[in-house]
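Notes for the one structure printed next.
In UniProt numbering, the protein residues as written are 1 to 194.
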């Protein structure tokens, strides 16, 4: 059950456990949006305007409405239960920022891999990065974009070559409740894995 505090700047005195979670995914899949949707504090965002320098480097043609990109990290906090608070660290999706992942992954309990079903192939490098640079348990969350195909979880599992044990959920990064359910499922998965 999601808990809220009377003053959103401070943790409730009942919180006894904090859990660090990474939110990863390719460029433009909704990581910043997800963290902004669930954070009970003003999220830290290192969004900068996309410039002409990114043409030919970033897959901007797949997300023509996107005008900014994360250049360091996003950060937010959510009190998941009366006793557990999650600290969310969103990673940049572009390869040139992946050196940041090692530091951000340190001490994390797990990673939520956000995926755009319209561009599944963009997730291959992200999953490879996660599997080779970290030993974090992770789950995949399909962000529902308008007009995206509705794949069954088994189709996503096959397309992304995921183990049978890797959980897959569907969410909308703009929908707070759906994102909270995805994060809660990740925490359960991380606890079961460890």
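Just so you know, even glycine gets a beta-carbon here, dropped at the ideal spot from N, CA and C.
Residues of its chain near residue i, where Cβ-Cβ distance is below 8 angstroms and the 5 sequence neighbours each way are ignored
i, result
"residue 108", "20, 21, 22, 89, 134, 136"
"residue 85", "11, 15, 17, 18, 19, 77, 78, 79"
"residue 180", "2, 38, 78, 80"
"residue 150", "117"
"residue 126", "24, 25, 26, 93, 113"
"residue 160", "115, 120, 123, 124, 127, 140"
Span separating the alpha-carbon of residue i from that of residue j
i, j, result
"residue 171", "residue 183", "10 angstroms"
"residue 111", "residue 75", "14 angstroms"
"residue 138", "residue 148", "23 angstroms"
"residue 104", "residue 167", "22 angstroms"
"residue 194", "residue 174", "30 angstroms"
"residue 121", "residue 155", "13 angstroms"
"residue 189", "residue 163", "13 angstroms"
"residue 99", "residue 130", "12 angstroms"
"residue 178", "residue 185", "11 angstroms"
"residue 32", "residue 119", "18 angstroms"
Given residue i as reference, the closest of the options once Cα atoms are compared
i, options, result
"residue 128", "173, 41, 101", "101"
"residue 142", "161, 126, 163, 114", "114"
"residue 124", "153, 104, 158", "158"
"residue 176", "144, 34, 152, 162", "34"
"residue 25", "140, 146, 154", "140"
"residue 187", "87, 161, 30, 36", "87"
"residue 206", "165, 161, 29", "This structure cannot settle anything about residue 206, because the visible part of the chain is limited to 1 through 194."
"residue 83", "191, 13, 165", "13"
Cβ neighbours of residue i in the same chain (closer than 7 angstroms, five flanking residues each side left out)
i, result
"residue 6", "In this predicted model, residue 6 has a pLDDT of only 42, less than 50, meaning its place in the structure is not dependable enough to derive any value."
"residue 43", "35, 36, 74, 75, 76"
Residues of its chain near residue i, where Cβ-Cβ distance is below 6 angstroms and the 5 sequence neighbours each way are ignored
i, result
"residue 169", "141, 182, 185"
"residue 4", "With a pLDDT of 44 at residue 4, under the threshold of 50, the predicted position of this residue should be treated as unreliable, and no value is reported."
"residue 153", "168"
Exercise. What alpha helix (DSSP H) runs, 4 residues minimum, are completely inside the segment 133-170?
Worked result: 153-160
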